[in-house]
Amino acid sequence: MKEIDDDAVVLRTYKSGEADRIAVLWTRDHGKLRVLAKGSRKTTSRLGGTLEPLAYVHVDLVKSRGDLFIARHVQHRERLSVLRASYPRINAGYAVVEVADAIPSENVADEGIFDLLTRVLLTLDNEQFDPTLVPTSFYFKLLALDGSEPVLDSCVQCGREGPLVAFDAQVGGTLCANCRSGRSLSPEALTLMRRIVGGDLAHVLRELSAPGEGEVMAIAHDAIEQHFAKRLKVGRSSAPLLPSALER
Ligand SMILES: [Zn+2]
Numbered sequence: 064m065k066e067i068d069d070d071a072v073v074l075r076t077y078k079s080g081e082a083d084r085i086a087v088l089w090t091r092d093h094g095k096l097r098v099l100a101k102g103s104r105k106t107t108s109r110l111g112g113t114l115e116p117l118a119y120v121h122v123d124l125v126k127s128r129g130d131l132f133i134a135r136h137v138q139h140r141e142r143l144s145v146l147r148a149s150y151p152r153i154n155a156g157y158a159v160v161e162v163a164d165a166i167p168s169e170n171v172a173d174e175g176i177f178d179l180l181t182r183v184l185l186t187l188d189n190e191q192f193d194p195t196l197v198p199t200s201f202y203f204k205l206l207a208l209d210g211s212e213p214v215l216d217s218c219v220q221c222g223r224e225g226p227l228v229a230f231d232a233q234v235g236g237t238l239c240a241n242c243r244s245g246r247s248l249s250p251e252a253l254t255l256m257r258r259i260v261g262g263d264l265a266h267v268l269r270e271l272s273a274p275g276e277g278e279v280m281a282i283a284h285d286a287i288e289q290h291f292a293k294r295l296k297v298g299r300s301s302a303p304l305l306p307s308a309l310e311r
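Heads up: the sequence shown runs through residues 64 to 311, numbered per my numbering.
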């Protein structure tokens, strides 16, 4: 009987039978797994309290039928009490795990995504950081992990360095006035985007309402949607093309 001992982030849960729940986990060493938590909808269940969306847990699983595992023991790696006490933080977390859940897990760098997910949760659990741009930064990092980081330092069509006035997710980056397509891009939004992907994220997340924030969020949404539409055509996942959290 195959057993698994691993760390995991809970992406989502759904009901199964009378009192059970199935949790979809992204594990450190085994990628995405579906796990049956027997009796977890009973009020006395200890599994129910730990296998909740956005939980960061250590799991002890045993293989069941098909690709399903059964949870034997689950405990919190981190309580994430700041995250759990704030709706904006919870909503930002949901926007992230819904996208992670839509990733076809058979052809991605699993551990890289696991590390990204745990960093997102710990960031959302830190009062110093504003949650608004956390999903946006996650989308950009996910694209980079997948080799699809958008071009932001020159026109993606002609190579000119500037001025860059538009962003088009279909062509994967910024554009000059001659080549422009997609969304128009303000200098503030370009600066903010470069800071997010260029290693200044910790400072960005300490600022409230960074200039260009709304534009950058819309661009990240376009970029991840475009990426998923391409990927899911070749992947085997039946996940929705556009996770609902992105549509808010
Ligand atoms: Zn150009």
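All C-beta atoms in this analysis are idealised placements derived from N, C-alpha and C, irrespective of residue type, glycine included.
Decide if residue i is buried, meaning its Cβ has at least 16 other Cβ atoms within 10 Å, or exposed.
i, result
"Ala71", "buried"
"Lys204", "buried"
"His290", "buried"
"Asn170", "With a pLDDT of only 47 at Asn170, under 50, the local geometry of the prediction cannot be trusted, and the value read off the model is given with reservation. Asn170 should be labelled exposed."
"Val77", "Before going on, a small fix: residue 77 reads as Tyr here, not Val. When all chains shown are included, Tyr77 counts as exposed."
"Asp285", "buried"
"Arg84", "buried"
"Glu81", "exposed"
"Thr237", "buried"
"Tyr150", "exposed"
"Ser244", "exposed"
With a threshold of 7 Å, establish whether the CB of residue i neighbours any heavy atom of ligand 1.
i, result
"Gln233", "no"
"Gln289", "no"
"Leu238", "yes"
"Arg223", "yes"
"Asn154", "no"
"Asn189", "no"
"Gln220", "yes"
Compare the C-alpha of residue i against each of the options and name the closest.
i, options, result
"Glu251", "Val228, Gly236, Ala240 and Leu114", "Val228"
"Pro194", "Ser108, Val219 and Ala148", "Ala148"
"Glu66", "His93, Leu255 and Ala82", "His93"
"Asn189", "Gly102, Ser108, Ile153 and Lys101", "Ile153"
"Arg135", "Val145, Leu146 and Ser108", "Ser108"
"Glu212", "Arg223, Thr106, Phe230 and Ala165", "Phe230"
"Leu184", "Asp209, Val73 and Cys221", "Val73"
Hey, residue i and residue j are a contact pair by Cβ (cut 8 Å); roughly how many whole angstroms apart?
i, j, result
"Arg97", "Phe132", "7 Å"
"Ala232", "Leu255", "About 17 Å; that fails the 8 Å criterion."
Cβ pair count under 8 Å reaching 3, the stretch 241-250 against the stretch 265-285: yes
Meets three-Cβ-pair contact criterion under 8 Å: the stretch 123-138 and the stretch 153-161: Cβ pair count under 8 Å is below three, so no.
Touching by the beta-carbon criterion (3+ pairs, under 8 Å), the stretch 257-275 and the stretch 196-214: yes
Segment contact, 8 Å Cβ cut-off, at least three pairs: the stretch 110-121 with the stretch 84-100: In the pairwise beta carbon analysis, the stretch 110-121 is classified as touching the stretch 84-100: at least three pairs are separated by under 8 Å.
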